[in-house]
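First residue of the sequence shown: 1, per full-length UniProt numbering; consecutive thereafter.
By construction, the Cβ of each residue, glycine as well, lies at the ideal position given by its N, Cα and C atoms.
It should be emphasised that the depicted structure is a prediction, and the values quoted were computed from it without experimental measurement.
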Amino acid sequence: MTTASAEPATTPRTPSRRLLAAELLIVLGLSLGASGVSSLISFLGSLTEPAHLGSQVATLNASRAPGRPWLDLAWQLYYVARGLMPVVLVGYLLVREGTTLRVLGFDLRHKLADLGRGTLVAAAIGGSGLALYLIAQAADVNLAVAPSGLPEVWWRIPVLIASAWQNAIVEEVIVLGYLLRRLQQIGWGWPAAVAASAVLRGSYHLYQGVGGLVGNMVMGVVFCLLYRRWQRVGPLVAAHALIDTTAFVGYALLAGHVSWLP
Numbered sequence: 001m002t003t004a005s006a007e008p009a010t011t012p013r014t015p016s017r018r019l020l021a022a023e024l025l026i027v028l029g030l031s032l033g034a035s036g037v038s039s040l041i042s043f044l045g046s047l048t049e050p051a052h053l054g055s056q057v058a059t060l061n062a063s064r065a066p067g068r069p070w071l072d073l074a075w076q077l078y079y080v081a082r083g084l085m086p087v088v089l090v091g092y093l094l095v096r097e098g099t100t101l102r103v104l105g106f107d108l109r110h111k112l113a114d115l116g117r118g119t120l121v122a123a124a125i126g127g128s129g130l131a132l133y134l135i136a137q138a139a140d141v142n143l144a145v146a147p148s149g150l151p152e153v154w155w156r157i158p159v160l161i162a163s164a165w166q167n168a169i170v171e172e173v174i175v176l177g178y179l180l181r182r183l184q185q186i187g188w189g190w191p192a193a194v195a196a197s198a199v200l201r202g203s204y205h206l207y208q209g210v211g212g213l214v215g216n217m218v219m220g221v222v223f224c225l226l227y228r229r230w231q232r233v234g235p236l237v238a239a240h241a242l243i244d245t246t247a248f249v250g251y252a253l254l255a256g257h258v259s260w261l262p
């Protein structure tokens with residue numbers, strides 16, 4: 001009597017540079033690279049508007065179904081969940097490689113330390129970022145940014161917080177951890193990889209104007225340096241989430257009460 005032999009175990013291996021480059025382009029084409037192209041088109045549209053840039057408004061977290069709060073909530077949750085799918089894809093690709101998202105420092109092993117470091121980074125970058133935005137907006141090279149366009153309903157603040165964390169997770173896992181790892185595996189040097197990461201980060205904020213581009217490129221360089229030092233995206237996810245949460249929730253609570261807010 002014969003029995004079928006088990007299939008031999010295979011050891012995961014890193015694909016060739018060509019396949020890694022193709023994989024990287026696909027991931028970016030489905031996520032932040034596509035956002036960069038969309039942002040460029042949006043900025044060109046703003047430049048060709050009759051109104052000056054400083055008088056135009058870029059609204060984030062807009063209502064998806066005005067006047068229909070339950071439907072609006074369903075759409076908001078859908079977009080938050082859908083927005084995280086590129087991170088799921090990156091996690092899958094890393095598993096295929098023989099590792100996990102843990103190799104990027106995206107896990108809960110050091111959650112308190114990550115939160116502490118992230119809080120310090122957010123405090124340092126948040127104030128300077130606001131100053132740069134106000135300068136750029138006053139110089140008429142930036143649109144006025146309205147971080148929330150949601151109606152005043154009970155789920156507004158939780159959705160804004162969820163949106164902030166979604167942004168942070170997607171951007172830092174992909175444009176920081178994953179991108180730098182893949183560029184290193186392809187053979188890029190550190191300075192070129194940092195420049196690529198910073199330019200990509202700036203590109204998908206170009207819809208805000210020149211201030212959004214430059215400010216986020218600078219932030220991208222700082223985040224790359226901190227990631228190299230800490231070898232974890234966790235603190236940068238926390239920092240980004242805290243910055244966005246402050247901007248989104250702060251705007252929702254202060255709009256209409258502070259004169260310089262759009």
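{"Asked": "Output the boundary residues of the beta strand (DSSP E) element that contains Ala51.", "Found": "Where Ala51 is concerned, there is no enclosing beta strand (DSSP E), given that its DSSP letter is neither H nor E."}
{"Asked": "Quick one, which of Tyr78, Gln184, Leu176, Leu143 has its alpha-carbon nearest Val199's?", "Found": "Leu176"}
{"Asked": "Just verifying my parser: in three-state terms, what is the DSSP assignment at Asn142?", "Found": "strand"}
{"Asked": "Mind checking whether Gln208 and Ala65 have CB atoms under 9 Å apart?", "Found": "no"}
{"Asked": "Let's see if you can read the secondary structure: which residues bound the alpha helix (DSSP H) around residue 263?", "Found": "Because the chain is modelled from 1 through 262, residue 263 falls outside the range shown and cannot be assessed."}
{"Asked": "Report the partner residues of Thr59 according to the DSSP bridge assignment.", "Found": "Ala146"}
{"Asked": "In whole angstroms, what is the alpha-carbon distance linking Val95 and Thr48?", "Found": "45 Å"}
{"Asked": "Taking only the alpha-carbon atoms, compute the straight-line gap between Ala252 and Ile157 and give it to the nearest angstrom.", "Found": "8 Å"}
{"Asked": "Within its chain, find whatever has a CB closer than 6 Å to the CB of Leu179; leave out the 5 residues flanking it on each side and keep chain order.", "Found": "Ser197"}
{"Asked": "Just how far apart, CA to CA, sit Gly45 and Asn142?", "Found": "13 Å"}
{"Asked": "Under three-state DSSP, which class holds Gly209?", "Found": "strand"}
{"Asked": "Where do the N-terminal and C-terminal ends of the alpha helix (DSSP H) with Pro151 fall, by residue?", "Found": "Careful: Pro151 lies outside any alpha helix (DSSP H) and carries neither H nor E."}
{"Asked": "Is it the case that the Cβ atoms of Trp165 and Asp114 are separated by a distance below 9 Å?", "Found": "no"}
{"Asked": "Which one of Ala255, Val237, Gly250 has the shortest CA to CA distance from Leu108?", "Found": "Val237"}
{"Asked": "Check Pro191 in the structure and name its three-state DSSP category.", "Found": "helix"}
{"Asked": "For Ser63 and Ala144, I'd like the C-alpha separation in whole angstroms.", "Found": "18 Å"}
{"Asked": "To test your reading of the DSSP string, which unbroken alpha helix (DSSP H) runs of 4 or more residues are found completely within the segment 75–103?", "Found": "85–97"}
{"Asked": "Does the segment 226–241 touch the segment 115–127, meaning 3 or more C-beta pairs lie closer than 8 Å?", "Found": "yes"}
{"Asked": "Looking only at its chain, what residues have a beta carbon closer than 7 Å to the beta carbon of Ala247, apart from the 5 residues adjacent to it on each side?", "Found": "Pro147"}
{"Asked": "Please classify Val88 as buried or exposed, where buried requires at least 16 other C-beta atoms within 10 Å of its C-beta.", "Found": "exposed"}
{"Asked": "When the Cα atoms are used, what is the spatial distance from Ala139 to Leu93?", "Found": "44 Å"}
{"Asked": "Compute the beta-carbon to beta-carbon distance between Met219 and Ile125, rounded to the nearest angstrom, for a pair I have assumed lies under 8 Å.", "Found": "6 Å"}
{"Asked": "Of the residues Glu152, Ala122, Leu77, which one's Cα is nearest the Cα of Phe223?", "Found": "Ala122"}
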